[in-house]
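There are 2 protein chains.
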Amino acid sequence: MDSSDNELELSPEKRHQMVEEATKRIWDHLENLQDQPAADTENGAELAKQMQEPLPEEPTSFEELLDLLFGDAIPCSVNTAHPGYLAYIPGGGLFHSAVADLISNSVNRYVGAWLTAPALARIEANVIEWFCEIVDYPEEAFGLLTTGGSMANLVATITARRENLSEAFLDGVIYTSDQSHHSVAKAAVLAGFPAENVRSVPTNNEYQIRVDRLEEMIEEDRIGGKRPFLVVGSAGTTNTGAVDNLDALADLCDQEEMWLHADGAYGGFFTLTDKGRQQLSGIERCDSITLDPHKGLFLPYGTGALLVRNGQALARTHATDAEYIPDWDPDSEFVDFSHLSPELSRDFRGLRVWLPVKMHGIKPFRANLEEKLALARVATTEIKDIDHVRVVAEPQLSTLAFRIEPPGIEGTALNELNQELLTAINRRGRVHLSGTTLNDRFTIRISVLSFRTHKEHIIHCIEDLKESTKELLDKR
Amino acid sequence: MDSSDNELELSPEKRHQMVEEATKRIWDHLENLQDQPAADTENGAELAKQMQEPLPEEPTSFEELLDLLFGDAIPCSVNTAHPGYLAYIPGGGLFHSAVADLISNSVNRYVGAWLTAPALARIEANVIEWFCEIVDYPEEAFGLLTTGGSMANLVATITARRENLSEAFLDGVIYTSDQSHHSVAKAAVLAGFPAENVRSVPTNNEYQIRVDRLEEMIEEDRIGGKRPFLVVGSAGTTNTGAVDNLDALADLCDQEEMWLHADGAYGGFFTLTDKGRQQLSGIERCDSITLDPHKGLFLPYGTGALLVRNGQALARTHATDAEYIPDWDPDSEFVDFSHLSPELSRDFRGLRVWLPVKMHGIKPFRANLEEKLALARVATTEIKDIDHVRVVAEPQLSTLAFRIEPPGIEGTALNELNQELLTAINRRGRVHLSGTTLNDRFTIRISVLSFRTHKEHIIHCIEDLKESTKELLDKR
C-alpha cells in the first residue's frame, strides 16, 4: 500500500493552517456577535435539504467547508451565543472552554481511570469537589460530569432506585411538581418505571411544589400499596425559574425516608450568590443535585454535573467488574470516574470547567450571576410599567414570565395574541425570547443567564416589547 | 457594580493570545509524539495529590496553567495518542476533530432540535445516515451520537426493553457471551434488570458465542417462565477482537422474536473494509449496533454512536412532551435528536465526525483500517516465530492475544511470569500493551487501531517483546 493513500495525520503546516483559517472565521463571528440577528432560521428547511448527501468518497477543501459553515450553516440558526438570547435557559459559550477542548482533543488522554492519567483525572475530581463546596455538601459527597442536565437527572434517578428500592422496584413512585422539567419524567421511564408511577404534584401561585399536597399523595400511595421513594424538587424551573421549598422537602423526605433530588440545571449555581443561597436554602440537604455548568457557569453546551451527598452511592450504583479495568479502591483519594458513571471511554470534560475557573477565580462568575439576578428584577420593574402587560411570574432567580392582557380578549384568542407578540419581538432580531404555557395560558418568558447579557440588552428587550405591544394593540 | 468585576468575555487580543500560546504547546506535543514515552505515570500519585485544591477565588495566568498541563499533568499519563499505544482499544485523536470542536464551542449553537439550527442538525443527521450506509442498514434506520460505546449500549438496552417488553419487564432476560464488554451487563442493571437476568453464554475456542448453547439457554429460560428478549452479540470483543457469528444470531433472534444488538464499539467500522465486511456478515440484520467513531474512525475520545434498524424505535422509546419543546413530526426529513435520545442540551457532536470525513472522503479511513488488519497479521506471524511464546487468539480483526509459556511452569506462577513480561515490555516505553485473563490465564494483548500506528511501530513492538522475553527467560 502506498503510504500516502492512508495518511490522516496532518502535516505540521496543515495543522497550523487549519487553526489559522478556522480562528479567522471565529474571530469575525465573535467580534460581530452584537450586530448579528439573535435568530435567523427562515431558510433553514431549504438549506438543510440541500445539505443531505451520501457518504463522501472524495475530499473537500477545508476552506470550502468553512465557507459552508460560517457562510450558511451557522448563521442560519437561533444565535444561542448572542447577548440577546433570553429564550429557554441560555447557555453561554466561554471561549476558554473552546481552548480547553482544543487541548484535550489534541492530546487525547483517557481520564476515566486515574491510573491512565492521574493528574488529569485529578483536575476533573477538583472540579467535582469545587461544585460540592459551592452547594455546601459534606466531605463524603462526590459526583460526575455529564453532557447535560437530562443525563444527570437520569443517573440520579437510577442511583435513587438502586439505593432505595430492591430489584423488584416497579411499585416505586416518583414525585415532582407539575412545573418540573420533562427530563424528570423521561428519566423515570428510561430508568424502568411505568409512566403512571410519576406523580405530578400541583404547585402554588408561585409555581412551587405544594408540600401539603405532596404529603397527602405520598400517604395515599402508601395506603394503595405503592412505594414512594423519590422526590425531585426544582432548584429553578425552566418555565418560570421557580424554586421549590427545598428545606420543607428535605424535612418531609427525612421523615418518609425518601431520596430527595434537586434539579438545579438552571438554578443550582446561583448558590454562589447571597440571594441565590437564600432562595436555594436546603439544597445542601438534598441527596443529589443536578447542575449545568453549560448554563450557570456560562460554558459552551456539553457539560452537566450530578452531585451525590454520599458519593459512595454512585460507586454502588455502577458497581461492575471486568478483567481489563484496573482495580479501584473507593476509599482512595484517586478516582476512577468510569466506576461512578454509566460511561467508560468519553471526553475529558473536566478541563473545560477547570480552565476558566482557574484563569479567573470564582469571583467574576459570582459577580456575573449577581448581575443576572439584578437584570431580571430590572426587566420586571420595566414590564410592570407597560400598559396591558402583566407579569405572570416574578423572578425568583433570573427568569420571569409575562403576558399581554388587553381588555375584551381572553381564552384561545388571548393565547394567540401572546404568540403573535412573541413572534413580533423575535422578528426584530435584537433579542430572542421563548414562550410556555402556564395553566393553559400562553406566556412569554425572559431568562437572563448568558455572561454576554448586560443592561443594554435588557433595555433592547424592553424597548422591543413596548414597541411590539403598541403595534399589536394599534392594529386591533 | 463595576463592569470590569464580572468580565468573562475575553478581549479579541486575549483570545488570539490564548490560541497562540495553547497551539504552541500543542505543536510541540504532536511534533515530538514519536519521541515521548508510550506511558509515564510513575509520579502520578504524588502529582495528583499536590494538585488537589479548594475552589480558587483568585486568578492564575494562562501561561502558568499551560506549564502545569504540558509540563507535568499531560506527560504523566499513558500516552493514548502515541503510535505505540496498542493497549485496551486504542483511540486515535484526529486533529481535525479538535478544530471542529473549537468551532462548535466558539459558536455554541444548540443542535438537539432542528428548528434552532437546521443546517447543523442536518450535519449530525448526515453523519448518522453515513454510518447507516456503512453498515448497510435500510432506509428507515437511524440513530444518534453518544459520548462512547457504554452509553450507546445503555440506550440500546433501554430501547430493546421498551420495544420488546411490557412495563412489567423484570422477567426479561439478556444473553451475551462470556467475552462481551462489561458495559453490556452494566447497561442491563442500569436499565432496571436484576443482575441475574444477564446470561453469560460460553464461547468456543475462538472466543465466539456458542449459538448452540445460547439456543439451549433461551429454551431453558422459556421453560422456567422467563422472557428472553435481547441478545447482545460482539462485533469485536475487547479481550481478543472476537466477532460472534452475527448471521447465526440473527437467524436465532428472528425465530425467537428477540432483539439483536451488535456491540461494534471496537469492530463495527471494519465493515468499511472487504475483510471486515466478510467477518461482520450479518451486522446489517441486527436491530441495533453500537459504533465508536473515537475508535474505528480515529477521533479523539468522546464520540460513540447507536444505530437502530428501525429508527422509529428510538422516537417511541424516548417519547415525552413538554411545553417548551418545539413539536416534532417523526416523518419529517428533519430531526430533533432530543426526541431520540436521553439528552436535551449537549454538545454538537456531529461536526467532529463530519469535518475529517468531508476533508478526506472515506477512502483513507478505509485504507487505514485495512492497514491495521494487515499489521495485526504481521504481528501474529512474527510472534509465532518467538520461542516459548504462543498466540492464544489469532486476529479476527486487528487484535490478538499471546502469552509466554516456557516449559516447567504453569498456573499462578505462569500468570505472574506473563504479568512480568507485560511490565517489562511497557517499561521500554516504545509501545504500551495491556493484559487480560482468558480462562484463568493471564494473557497479553496487542490491539492495532490508532491511525498513527504503522509498520515501524509493530516492529518496535516485536523487538521489545523478543528482548523482554529473552531477558526474562535468561534470568530464570
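In order, the protein sequence lines correspond to chains A and B.
Under the numbering used here, the first residue of the first sequence is numbered 5, with each subsequent residue one higher.
Under the numbering used here, the first residue of the second sequence is numbered 5, with each subsequent residue one higher.
All C-beta atoms in this analysis are idealised placements derived from N, C-alpha and C, irrespective of residue type, glycine included.
Note that the coordinates shown come from a computational prediction; the quantities given were computed from them, not determined experimentally.
Compute the beta-carbon to beta-carbon distance between residue i and residue j, rounded to the nearest angstrom, for a pair I have assumed lies under 8 Å.
i                 : j                 : result
Ser-451 (chain B) : Leu-90 (chain B)  : 6 Å
Asp-267 (chain B) : Ser-402 (chain B) : Between Ser-402 (chain B) and Asp-267 (chain B) the Cβ distance is about 16 Å, and since that is not below 8 Å, they are no contact.
Pro-304 (chain A) : Gly-97 (chain A)  : 5 Å
His-265 (chain B) : Cys-290 (chain B) : 6 Å
Ala-49 (chain B)  : Gly-315 (chain B) : With 8 Å as the limit, Ala-49 (chain B) and Gly-315 (chain B) do not qualify as a contact, their Cβ atoms being about 47 Å apart.
Evaluate residue i with the Cβ neighbour count: other Cβ atoms within 10 Å of its Cβ, from every protein chain shown; 16 or more gives buried, anything less gives exposed.
i                 : result
Leu-379 (chain B) : buried
Glu-347 (chain A) : buried
Asn-209 (chain A) : exposed
Ser-353 (chain B) : Note that residue 353 (chain B) is Arg in the sequence shown, not Ser. Flag for Arg-353 (chain B) reads buried.
Ile-408 (chain B) : buried
Ala-417 (chain B) : exposed
Ile-227 (chain B) : exposed
Ala-42 (chain A)  : buried
Pro-16 (chain B)  : exposed
Arg-370 (chain B) : buried
Asp-71 (chain A)  : exposed
Ser-181 (chain A) : buried
Gly-229 (chain A) : exposed
Pro-330 (chain A) : With a pLDDT of 49 at Pro-330 (chain A), under the threshold of 50, the modelled position of this residue cannot be trusted, and the question is left open.
Gly-237 (chain A) : buried
His-364 (chain B) : buried
Glu-13 (chain B)  : buried
Cys-465 (chain B) : buried
Asn-443 (chain B) : exposed
Gln-3 (chain A)   : The structure shown does not extend to residue 3 (chain A), since chain A is modelled only from 5 through 480, so no value can be given for it.
Thr-484 (chain B) : Because chain B is modelled from 5 through 480, residue 484 (chain B) falls outside the range shown and cannot be assessed.
Asp-391 (chain A) : exposed
His-240 (chain B) : In the sequence as displayed, the identity of residue 240 (chain B) is Gly instead of His. Label assigned to Gly-240 (chain B): buried.
His-461 (chain A) : buried
As a quick exercise: from the options, pick the residue whose alpha carbon is nearest that of residue i.
i                 : options                                       : result
Leu-69 (chain A)  : B:Leu-119, B:Asn-443 and B:Leu-124            : B:Leu-124
Gln-400 (chain A) : A:Asp-389, A:Lys-376, A:Asn-422 and A:Asn-419 : A:Lys-376
Leu-148 (chain B) : B:Leu-169, B:Asn-168 and B:Arg-126            : B:Arg-126
Gly-433 (chain A) : A:Gly-88, A:Ile-78 and A:His-33               : A:Gly-88
Leu-404 (chain A) : A:Ala-172, A:Val-382 and A:Ala-428            : A:Val-382
Tyr-179 (chain A) : A:Pro-198, A:Val-202, A:Ala-191 and A:Val-193 : A:Val-202
Glu-61 (chain B)  : A:Glu-62, A:Asn-47, A:Leu-276 and A:Ile-466   : A:Leu-276
Gly-245 (chain B) : B:Gly-272, B:Trp-263 and B:Asp-258            : B:Gly-272
Tyr-270 (chain A) : A:Gly-300, A:Ser-285, A:Gly-237 and A:Gly-152 : A:Gly-300
Phe-446 (chain A) : A:Glu-414, A:Lys-474, A:Glu-460 and A:His-464 : A:Glu-414
His-1 (chain A)   : B:Leu-355, B:Gly-280 and B:Ala-191            : Examination of residue 1 (chain A) is not possible in this model, given that chain A is present from 5 through 480 alone.
Asn-168 (chain B) : B:Met-22, B:Met-262 and B:Pro-122             : B:Met-262
Leu-469 (chain A) : A:Leu-310, A:Glu-386 and A:Glu-67             : A:Glu-386
Ala-52 (chain A)  : A:Phe-66, A:Ser-65, A:Gln-40 and A:Ile-78     : A:Ile-78
Ala-195 (chain B) : A:Phe-74, A:Gly-240, A:Glu-223 and A:Leu-174  : A:Leu-174
Lys-367 (chain A) : B:Thr-64, B:Pro-410 and B:Asp-389             : B:Thr-64
Ser-101 (chain B) : A:Lys-28, A:Arg-449 and A:Arg-19              : A:Arg-19
Asn-47 (chain B)  : B:Val-188, B:Asp-76, B:Trp-31 and B:Ser-349   : B:Asp-76
Determine the chain C residues that contact residue i at a beta-carbon separation under 9 Å, and present them in chain order.
i                 : result
Ile-138 (chain B) : As a matter of chain content, chain C is missing from the structure shown, whose protein chains are A and B.
Contact the stretch 158–173 of chain A vs the stretch 221–241 of chain A: 3+ CB pairs below 8 Å: Result yes; three or more Cβ-Cβ pairs closer than 8 Å.
Stretch pair the stretch 136–148 of chain B + the stretch 132–145 of chain A: three plus CB contacts closer than 8 Å: The stretch 136–148 of chain B and the stretch 132–145 of chain A do not touch, with fewer than 3 CB-CB distances between them shorter than 8 Å.
Residues of the stretch 253–280 of chain A whose Cβ lies closer than 9 Å to any Cβ of chain B, in chain order: When C-beta distances to chain B are compared with 9 Å, the residues of the stretch 253–280 of chain A below that value are Ala-269, in chain order.
Inter-stretch contact at 8 Å, needing at least 3 Cβ pairs: the stretch 68–83 of chain B / the stretch 108–118 of chain B: These segments do not touch.
Cβ pair count under 8 Å reaching 3, the stretch 252–267 of chain A against the stretch 212–219 of chain A: Counting Cβ pairs under 8 Å, three or more are found: they touch.
Within 8 Å of chain A by C-beta, residues of the stretch 12–26 of chain B in sequence order: Cβ contacts with chain A come from Leu-12, Glu-13, Leu-14, Pro-16, Arg-19, His-20, Met-22, Val-23 and Ala-26.
Near-chain B residues of the stretch 158–188 of chain A (beta-carbon distance less than 9 Å), N- to C-terminal order: Answer set for the stretch 158–188 of chain A: Leu-158, Val-159, Ile-162, Arg-165, Arg-166, Glu-171, Ala-172, Phe-173, Leu-174, His-185, His-186 and Ser-187.
Cβ contact check for the stretch 358–366 of chain A and the stretch 438–456 of chain A: 3 or more pairs under 8 Å: Look at the beta carbons and you see the stretch 358–366 of chain A not touching the stretch 438–456 of chain A: under three pairs across the two are nearer than 8 Å.
Chain-ordered residues of the stretch 185–217 of chain B with a beta carbon less than 7 Å from chain A: Going along the stretch 185–217 of chain B in chain order, one finds His-186, Ser-187, Ala-189, Lys-190, Leu-194, Ala-195, Gly-196 and Pro-198 with a Cβ nearer than 7 Å to chain A.
Under 8 Å (Cβ pairs) to chain A, residues found in the stretch 99–122 of chain B: Answer set for the stretch 99–122 of chain B: Phe-99, His-100, Ser-101, Ala-102, Val-103, Asp-105, Leu-106, Ile-107, Ser-108, Asn-109, Ser-110, Val-111, Asn-112, Arg-113, Tyr-114, Trp-118, Leu-119, Thr-120, Ala-121 and Pro-122.
Positions along the stretch 285–313 of chain B whose CB lies within less than 9 Å of some CB in chain A: Considering only beta carbons, the part of the stretch 285–313 of chain B lying closer than 9 Å to chain A consists of Asp-296, His-298, Lys-299, Phe-302, Leu-303, Pro-304, Tyr-305, Gly-306, Thr-307 and Gly-308, in chain order.
Cβ-based contacts, 9 Å cut-off: residues of the stretch 347–364 of chain A near chain B: So the list reads Glu-347, Leu-348, Ser-349, Arg-350, Asp-351, Phe-352, Arg-353, Leu-355, Arg-356, Trp-358, Leu-359, Pro-360, Val-361, Lys-362, Met-363 and His-364, given in the order they occur along the chain.
Contact residues within the stretch 27–57 of chain A, judged by C-beta distance below 8 Å to chain B: Flagged, chain order: Thr-27, Arg-29, Ile-30, Trp-31, His-33, Leu-34, Glu-35, Thr-45, Gly-48, Ala-49, Leu-51, Ala-52, Lys-53, Met-55, Gln-56 and Glu-57.
The stretch 219–246 of chain A: positions lying closer than 8 Å to chain B by Cβ: Cβ proximity to chain B below 8 Å picks out Thr-242 and Asn-243 from the stretch 219–246 of chain A.
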